[in-house]
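Single-structure report; data block below.
2 protein chains.
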Amino acid sequence: MRTTIKKTIFPTIFYLLKYKLDKIHSMKIETNIAHFTTPLYLESGRILEPYKIAYETYGELNKDASNVILICHALSGSAHAAGLHEGERKAGWWDRLIGDGKAIDTTKYFVISTNVIGSCFGSTGPMDNDYPKLTPFRLKFPVITIKDMIKAQKQLLSSLGIHHLKAIIGGSMGGMQALQFAVDYPNFADKIIALATTYATQPWAIAFNKVAMEAIRRDPRFQNGNYEKGAFREKGLDGLAIGRIAGHISYLSPDSMNSKFGRNYVNNDGLFELFGRYEVERYMEYNTNNFSKIFDPLSYLYIVKAINTFNLSRGYDSLHEAILRIKAEVTLISFKGDYLFFPKEMEHIHRMMQRNGQNSSYYEIDSNYGHDAFLVEIEKFDTIIKDKLNML
Amino acid sequence: MRTTIKKTIFPTIFYLLKYKLDKIHSMKIETNIAHFTTPLYLESGRILEPYKIAYETYGELNKDASNVILICHALSGSAHAAGLHEGERKAGWWDRLIGDGKAIDTTKYFVISTNVIGSCFGSTGPMDNDYPKLTPFRLKFPVITIKDMIKAQKQLLSSLGIHHLKAIIGGSMGGMQALQFAVDYPNFADKIIALATTYATQPWAIAFNKVAMEAIRRDPRFQNGNYEKGAFREKGLDGLAIGRIAGHISYLSPDSMNSKFGRNYVNNDGLFELFGRYEVERYMEYNTNNFSKIFDPLSYLYIVKAINTFNLSRGYDSLHEAILRIKAEVTLISFKGDYLFFPKEMEHIHRMMQRNGQNSSYYEIDSNYGHDAFLVEIEKFDTIIKDKLNML
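In order, the protein sequence lines correspond to chains B and H.
All residue numbers for the first sequence refer to our numbering, where the first residue is 1 and numbers rise by one.
All residue numbers for the second sequence refer to our numbering, where the first residue is 1 and numbers rise by one.
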């Protein structure tokens, strides 16, 4: 009798307590939208006007606006990096890193996180209206690059009266933005912390993105971008789910899959049933089907394109020339098991900076989580970030 | 004037000469079909009856049938491993390895190459009639395993009066068959040569296959397997093409893609066009679109399933017990850049055999071609095969 009570009540209490603690530990926050009527001149030569940027802030801006940290998100991210929205149970995507007393300490710093243009979480993207028309851009949306994303972020910061940053921090595509900031606006931030990223997207990563691009384009329900808003809320777009499976392969690694799934088979799926599944297959299905209901497929195409075209050297004579422009202190954090952006790609930046006598440090974290480690294994790198931010 | 002539005529002559030489160097061969009316008892408990096996032979069988080598193909392969079919310009998939005076020397050996059951190149597969019905099996085709494939091959060999083999050689899924032969029928072959393969398919490879399985299943034109025969001859099945892109990622490697494509952009594709392409993207499109017209999507699902379920230990107490059964001399050839079946997987077999005092040797070929190396970089391992075959 007693054990039964224990088994049923204790986990419930534990869960409620944990939920409560999460709520206390995580700030209650909201996403803001900033509207801009000035033109945003894009790298392609095209113009975005008007445009809007979704953003969140955590902590307090100090008097001389000298405690600002910008957070940049990855492919599927949003401005919601930390804290809890009203009624929400799951905190922002880097909540374990950002908050009061955490590595990115919101008692000290004013943290801004924005949604990149092209995305579908509040900033202007392909499903927004092509002003002055009352219909969405769809495939007429201009191609966006990482350079464009940071230009838009800089506009937002200006509008908030912020003209200098303490630090810019991001992983994966967020790391691309951080590095692009360092190159394009050398005096803008004191410190750059880039995780699990590269100096230019390599064909291996482009090939993974190709699966998504083709799967989305060829899905009849995509209708060449002419689907209705919210068309995939009930039944996600298969093309996006399929592309996302390829994505998930690149976010994990052979070792992480071995330890996470092994060759385990889903219970009740027959081994000799054609569509019986291994655990790794169930994981892929579960994660990607949900994702394909939430994420806009046009935004996915545009952001993937931005990742593909990322190349720090574009617009400069060479990668060396681009890197040479950097004045910030650069911290590069890679993960041993990263099969999307391999550690040697970030080491390449570090070596270049070292040869130039620039201020850089490189960390290769021993991790089994693959590319995802920058979102998962916070405890393996949060002290590095804390120390780098606290150093004068 | 002279240079113009040179430029136009010389390549033509060179090409004709090369074509001629290819024709002379490659045997003229045909694919045979063997029909079996006896039941094939499958690992699933189901029965295939009747069934047929497509096969080719190269060289002459000696009097005591002691010079036979069996060749096993990979996922998309066929019985056509060497020589030229009538009117054909491109020789079989391992033609550089198999032929008169080549590593697998057809002046010495009688070489047999079969199409695996489940495939779509002559052996019984899902689009064959579900006897006695006059309609294809489609999704009612039984799940086939590597064990089943080799059982069928053994039946074919028996019917040809061949009860012992000099060697069994295969790469990738062909290597799985070779190893499965060594375990299931320890006295059947003297030598086993397995390339670019594993002892059990790992979740990393299963995940790549998952892209193909989902992309095919969710393609509306697949119609849950109820498409008409030849339905994709004109316009290939998108789902298969998309799945094949994921496949090609796993057949290459980051390094091979870097040296093959780099970040080169297709001429005339605009960098700021959403669907403008990098060279790596063009490669993926070209190879996969053609493939999706030729290969049957149901066969693809069934063969991928056979690869997923491959596990040398199934049916035995452990991998150790399975390996311990091997009596043949085993040669394991892996490739450094293989990102589908990593070298350490074959090394694992070798170490086990060494600990058991069994006869094995392991080679890790320095290659930049990824998994594809076993089909491409013949010159890097053909002498190993030649030496192993010629050794008493």
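Every residue gets a Cβ at the ideal spot worked out from N, C-alpha and C, and that includes glycine.
Since this is a predicted model, take the numbers as computed values, not measurements.
Note the first and the last residue of the continuous alpha helix (DSSP H) segment covering residue i.
i, result
"asparagine 359 of chain B", "Neither: asparagine 359 of chain B is in no alpha helix (DSSP H) and is coded neither H nor E."
"glutamate 56 of chain H", "Taken as a continuous stretch (DSSP letters only), glutamate 56 of chain H belongs to no alpha helix (DSSP H), being part of the beta strand (DSSP E) at 51–58."
"isoleucine 206 of chain H", "203–218"
"serine 384 of chain H", "Inspection of the sequence shows that residue 384 of chain H is occupied by isoleucine rather than by serine. Element bounds for isoleucine 384 of chain H: 382–390."
"histidine 248 of chain H", "238–251"
"phenylalanine 36 of chain H", "Note, phenylalanine 36 of chain H: premise wrong, no alpha helix (DSSP H); beta strand (DSSP E) at 32–36."
"proline 39 of chain B", "Run containing proline 39 of chain B: none; DSSP gives neither H nor E here."
"asparagine 258 of chain H", "254–260"
Along chain D, in chain order, which residues have C-beta atoms closer than 7 Å to that of residue i?
i, result
"proline 254 of chain B", "Of the protein chains in this structure, namely B and H, none is chain D."
Need the endpoints of the beta strand (DSSP E) that residue i sits in, please.
i, result
"aspartate 190 of chain H", "189–195"
"leucine 70 of chain H", "68–72"
Whole angstroms are fine: how far does the CA of residue j sit from the CA of residue i?
i, j, result
"leucine 260 of chain B", "glycine 45 of chain H", "The residue you asked about is not leucine; residue 260 of chain B is lysine in the sequence shown. In a straight line, the C-alpha of lysine 260 of chain B is about 31 Å away from that of glycine 45 of chain H."
"isoleucine 104 of chain H", "arginine 221 of chain B", "51 Å"
"histidine 85 of chain B", "alanine 65 of chain B", "26 Å"
"isoleucine 192 of chain B", "phenylalanine 181 of chain B", "8 Å"
"leucine 42 of chain H", "leucine 48 of chain H", "7 Å"
"asparagine 264 of chain B", "phenylalanine 291 of chain B", "24 Å"
"asparagine 356 of chain H", "aspartate 338 of chain H", "27 Å"
"lysine 23 of chain H", "glycine 99 of chain H", "In this prediction, lysine 23 of chain H has a pLDDT of 49, which is less than 50 and means its spatial position is unreliable; what the coordinates show is noted afterwards. When rounded, the distance between both Cα atoms is 12 Å."
"phenylalanine 381 of chain H", "tyrosine 109 of chain H", "19 Å"
"methionine 391 of chain B", "asparagine 67 of chain B", "13 Å"
"lysine 305 of chain B", "glutamate 281 of chain H", "12 Å"
"isoleucine 117 of chain B", "alanine 194 of chain B", "20 Å"
"alanine 81 of chain B", "threonine 145 of chain B", "21 Å"
"lysine 293 of chain H", "glycine 236 of chain H", "4 Å"
"glutamate 329 of chain B", "alanine 178 of chain B", "12 Å"
"arginine 233 of chain B", "leucine 298 of chain B", "14 Å"
"aspartate 401 of chain H", "phenylalanine 188 of chain B", "No information on residue 401 of chain H is available, as it lies outside the stretch 1 to 392 that chain H covers here."
"phenylalanine 342 of chain H", "alanine 200 of chain H", "12 Å"
"phenylalanine 157 of chain B", "leucine 70 of chain B", "Phenylalanine is not the amino acid found at residue 157 of chain B; the sequence shown has leucine there. Approximately 9 Å, taken between the alpha carbons."
"alanine 215 of chain H", "tyrosine 302 of chain H", "14 Å"
"glutamate 279 of chain H", "leucine 134 of chain H", "46 Å"
"threonine 107 of chain H", "leucine 389 of chain H", "13 Å"
"threonine 288 of chain B", "glycine 87 of chain H", "46 Å"
"leucine 375 of chain B", "phenylalanine 310 of chain B", "21 Å"
"glycine 239 of chain B", "arginine 218 of chain B", "7 Å"
"asparagine 308 of chain H", "threonine 198 of chain H", "11 Å"
Identify the residues that DSSP records as bridge partners of residue i: which are they?
i, result
"glycine 170 of chain H", "H:Cys72, H:Ala194"
"lysine 28 of chain B", "B:Leu84"
"alanine 182 of chain B", "DSSP lists no partner for alanine 182 of chain B."
"alanine 200 of chain B", "B:Asn311"
"leucine 48 of chain H", "H:Leu40"
"isoleucine 378 of chain H", "According to DSSP, which records beta bridges pairwise, isoleucine 378 of chain H is partnered with nothing at all."
"glutamate 364 of chain H", "H:Ser334"
"tyrosine 278 of chain B", "B:Tyr265"
**Request:** Please list the segments of the beta strand (DSSP E) lying wholly inside the segment 94–167 of chain B, counting only runs of 3 or more residues, in order along the chain.
**Result:** 110–114
**Prompt:** What alpha helix (DSSP H) runs, 4 residues minimum, are completely inside the segment 286–343 of chain B?
**Reply:** 297–308, 319–324
**Item:** Three CB pairs or more closer than 8 Å across the segment 49–58 of chain H and the segment 151–158 of chain H
**Value:** yes
**Message:** Closer than 8 Å is the cut-off here; do at least three beta carbon pairs connect the segment 207–219 of chain B with the segment 237–255 of chain B?
**Reply:** yes
**Asked** If we count Cβ pairs, one from each stretch, closer than 8 Å, do we get three or more for the segment 273–285 of chain H versus the segment 165–175 of chain H?
**Response** no
**Message:** For the pair the segment 168–186 of chain H and the segment 66–81 of chain H, tell me if three or more CB-CB distances fall below 8 Å.
**Reply:** yes
**Item:** Stretch-stretch touch, CB-based, cutoff 8 Å, three pairs: the segment 331–351 of chain B with the segment 360–367 of chain B
**Value:** yes
**Message:** So, does the segment 81–98 of chain H touch the segment 106–123 of chain H, judging by three or more C-beta pairs under 8 Å?
**Reply:** yes
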